[in-house]
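Reviewing the structure listed below.
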Amino acid sequence: PFDVSRYGDHLYVESPGGSVPLVALSRFPDPDAALAYGSLLAPMPGSVLRVAAAVGDTVTAGQPLVWLEAMKMEHTITAPADGV
118 PFDVSRYGDH LYVESPGGSV PLVALSRFPD PDAALAYGSL LAPMPGSVLR
168 VAAAVGDTVT AGQPLVWLEA MKMEHTITAP ADGV
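In structure tokens form, the structure reads like this:
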């Protein structure tokens, strides 16, 4: 048994454990907003075939880093910028 309360634009669920605010989340969140600095986002779902860099390696912009297999094709993911 939970009660829901509204205070202005905020909703809260009242439970035996206390009041918990409800936060509206987008049904389709922006994937770029969830990426940590230096992360790469695959252009499509697939399987990683090969990784060409290890932790701590120096890479240059355009250098191939990961090869993916998706839709029976091989896709190369390259470094967007120079980095470590």
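For the sequence shown, position 66 (counting from the first letter as 1) is numbered 183 according to the working numbering, and the numbering increases by one without interruption.
Ideal Cβ placement from N, Cα and C applies to all residues, glycine included.
Residue i - DSSP class collapsed to helix/strand/coil
i: P148; result: helix
i: T195; result: strand
i: M161; result: coil
i: M190; result: strand
i: V172; result: coil
i: G179; result: coil
i: G155; result: coil
Buried or exposed (CB count within 10 angstroms, at least 16 for buried), residue i
i: L166; result: exposed
i: L139; result: exposed
For residue i, the residue or residues it bridges with in DSSP
i: Y129; result: S122, P138
i: L185; result: V165, H192
With contact counted as at least three CB pairs below 8 Å, one residue from each stretch, are the region 125–141 and the region 154–170 in contact?
Between the region 125–141 and the region 154–170, the count of Cβ pairs shorter than 8 Å is below three; the stretches do not touch.
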